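These notes concern the structure reproduced below.
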Amino acid sequence: METSLDDDKAEDIVTLEISKKCSFADFMVVATGRSQRHVSSCAQHIVEKLKDAGSPAISVEGMESGDWVLIDAGDVVVHLFRPEIRDFYNLEKMWAVPVPSSEEMAAV
Numbered sequence: 010m011e012t013s014l015d016d017d018k019a020e021d022i023v024t025l026e027i028s029k030k031c032s033f034a035d036f037m038v039v040a041t042g043r044s045q046r047h048v049s050s051c052a053q054h055i056v057e058k059l060k061d062a063g064s065p066a067i068s069v070e071g072m073e074s075g076d077w078v079l080i081d082a083g084d085v086v087v088h089l090f091r092p093e094i095r096d097f098y099n100l101e102k103m104w105a106v107p108v109p110s111s112e113e114m115a116a117v
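The sequence shown begins at 10 in the numbering used here and counts up by one.
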């Protein structure tokens, strides 16, 4: 994913390991495109590469608008944003919050 995004000149590519925070994915990739067209183009290239690699189920949302495109590839979820949309939602900050351990929760 990161290689494809880097090749397409996506900006601020961040990969988060989220397997301990949720059950729907192991990794989340967040990147920025310079325009709606750039975001959609980056997303299309990722979808094509996933299909070429034989990914069984790929779900894509937001391709039409190009403001925020979500690609769900099972173990990996990719969020592609225009800069101002990424700043507004700030997913990295939300997902970077530490998850308390079972022991910490039991102590509460």
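Glycine included, C-beta positions come from ideal geometry on N, C-alpha and C.
Computed from a prediction, not measured in an experiment: that's the story for all the values here.
Whose C-alpha, out of the options, is nearest the C-alpha of residue i?
{"i": "K58", "options": "M103, D17 and A105", "result": "D17"}
{"i": "Q53", "options": "R95, S44, V38 and V69", "result": "V69"}
{"i": "M10", "options": "C31, L89 and N99", "result": "L89"}
{"i": "I27", "options": "G83, Y98 and D96", "result": "G83"}
{"i": "G75", "options": "Q45, T12 and V23", "result": "Q45"}
{"i": "A66", "options": "M72, V78 and V85", "result": "V85"}
{"i": "V56", "options": "D35, V78 and F36", "result": "V78"}
{"i": "D81", "options": "H47, V23, D35 and Y98", "result": "D35"}
In three-state terms, what does DSSP make of residue i?
{"i": "E101", "result": "helix"}
{"i": "E73", "result": "coil"}
{"i": "S64", "result": "coil"}
{"i": "D81", "result": "strand"}
{"i": "A123", "result": "Beyond the ends of the chain as shown, which are 10 and 117, falls residue 123; an answer cannot be given."}
Can you say whether residue i is buried or exposed, counting buried as having 16 or more other CB atoms within 10 angstroms of its CB?
{"i": "I94", "result": "buried"}
Residue i CB to nearest chain B CB: under 9 Å?
{"i": "I94", "result": "Looking at the structure shown, chain B is missing, and only one protein chain is on hand."}
Are residue i and residue j closer than 9 Å when you measure CB to CB?
{"i": "V14", "j": "A105", "result": "First, the residue type needs correcting, since residue 14 is Leu and not Val in the sequence shown. Contact flag unset, no."}
{"i": "A62", "j": "A40", "result": "no"}
{"i": "S49", "j": "G42", "result": "yes"}
By the DSSP assignment, the beta strand (DSSP E) with residue i in it spans what residues?
{"i": "D21", "result": "E20 to E26"}
Quick one: give me the first and last residue of the alpha helix (DSSP H) that residue i is part of.
{"i": "D15", "result": "E11 to D16"}
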